[in-house]
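*Asks:* What follows is a single structure, and I will ask about it in a moment.
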Amino acid sequence: MIKSKLFKNFTEDEFEQFVVESNSKLNKYNKNSCVFSPGDVCDKIYVLKSGKLSLEKTDINGKNTVVNIFKNHGEVMAEVYSYLNKISDFTLACNTDCEILEIPVSFFDISKDSTPIKNKIMTNLVTILAEKAFFLNSKVRLLSSFSLRQKIATFLIQTQKNDVSNTGMTRQQMADFMATTRPSLSRELLNMEDSGLIELHGGEIIIKNKTELVNLL
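Taking the UniProt record's numbering, the leading residue of the sequence shown gets 1, the next gets one more, and so forth.
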C-alpha cells in the first residue's frame, strides 16, 4: 500500500503506525456490490488494494454515466466528497471482487492535534486533490467537444501512454464516460481505424497518427 500516492515517502513502519492512528480497516467487497450509493454520507477515504471499480451516476431518465474507473493498486477514491463530508450522488460499484483500505475521514480533521504521520499524509492528500481538480477539468474539456470524433481524440490523448490507451474500460463504459451510445462509439472507432488514426486491439487502442488526433482537438 505504500506505493499509493497517499502514502508517498512512507516506510512500512510508518504505514502500520498510520493504520493504528487512523483506525483504518481493510475490507473486502464482492463483485457487483457497491461501496457506496446515492444518498450515502461519505465519511471515509478509500484506497484500492486489489480489484476494479467504476464510479457511476444515473440521471432521472435512467441514463448511466461512468465518471471514472479505478483499477490500479493504491488509487484513492471519494476523497473530495469524504473530506467535505458530502452526501454522495454517485455509485462506487465493484466490477470485480475488491479489497479496499477504508480510512475514517475524521483522521484528517485539521482542528485536532497533529502528528508527524498526519502531517505527512496531509501533504500527500493536497497533491491528490489538485490532481483530481485537473482530471475534472480534463473531463469538462472532453464533454465540451463538438463531435464524437473530437471526444474520442481527446479521450485517447488524455489516457495514452507511449501511444497506447488502455484504461480497462469496456466499450459500454467508454460510451457512458463520453455520454454517447455504445453502437455510436463502436462505429466511430471503426471509422477512425479505417482512416488510419488508430488501431483496435481488444481493450487496447493504439494511436497510429497522433498528429491528426491532436489536430482534431
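C-beta atoms are modelled at their ideal positions from N, C-alpha and C, and glycine is treated no differently.
(1) Grouping DSSP H, G and I as helix and E and B as strand, with all else coil, what is residue 167?
(2) What distance in whole Å lies between the Cβ atoms of residue 180 and residue 167, which are believed to be in contact at a cut-off of 8 Å?
(3) If you check the beta carbons only, do residue 288 and residue 34 fall under 7 Å apart?
(4) Assuming contact is defined by CB atoms lying nearer than 7 Å, are residue 6 and residue 76 in contact in what I supplied?
(5) Shortest alpha-carbon distance to residue 148 belongs to which of 137, 130, 170, 177?
(6) Determine the DSSP secondary structure at residue 32, reduced to helix, strand or coil.
(7) Between residue 23 and residue 103, what straight-line distance do the alpha-carbon atoms span, to the nearest angstrom?
(8) Could you say which of 11, 100, 3, 205 lies nearest to residue 117 if we only look at CA atoms?
(9) What is the rounded straight-line gap between the Cα of residue 39 and the Cα of residue 68?
(10) From which residue to which residue does the beta strand (DSSP E) around residue 37 run?
(11) With distances taken from CA atoms, which of 14, 151, 53, 217 is nearest residue 29?
(12) Which same chain residues, not among the five before or five after residue 153, have their C-beta less than 7 Å away from its C-beta?
(13) Can you tell me whether residue 120 is helix, strand or coil according to DSSP?
(14) Whole angstroms is fine: what's the gap from residue 91's alpha carbon to residue 56's?
(15) What would DSSP say about residue 185, mapped onto helix, strand or coil?
(16) Inspect the beta-carbon positions of residue 105 and residue 43 and report whether they are closer than 7 Å.
(17) Tell me whether residue 196 is buried or exposed, calling it buried when 16 or more other Cβ atoms sit within 10 Å of its Cβ.
(18) To the nearest angstrom, how far is the alpha carbon of residue 70 from that of residue 64?
(19) For the alpha helix (DSSP H) that residue 20 lies in, which residues bound it at each end?
(20) Fully enclosed by the segment 52-118, which beta strand (DSSP E) runs are 3 residues long or longer?
(21) Which term fits residue 133, buried or exposed, when burial requires 16 or more other beta carbons within 10 angstroms of its beta carbon?
*Replies:* Put simply:
(1) coil
(2) At roughly 16 Å, the Cβ-Cβ gap does not stay under 8 Å, so residue 167 and residue 180 are not in contact.
(3) In this structure the chain extends from 1 to 217, so residue 288 is not present and cannot be described.
(4) yes
(5) 177
(6) coil
(7) About 7 Å.
(8) 11
(9) 19 Å
(10) Run containing residue 37: none; DSSP gives neither H nor E here.
(11) For the residues 14, 151, 53, 217, the minimum Cα distance to residue 29 belongs to 53.
(12) 213, 216, 217
(13) helix
(14) 5 Å
(15) helix
(16) The beta carbons of residue 105 and residue 43 sit closer together than 7 Å.
(17) Around the beta carbon of residue 196, fewer than 16 other beta carbons sit within 10 angstroms, so the residue counts as exposed.
(18) 17 Å
(19) DSSP places residue 20 inside the alpha helix (DSSP H), whose first and last residues are 12-22.
(20) 53-58, 64-70, 91-94, 98-104
(21) exposed
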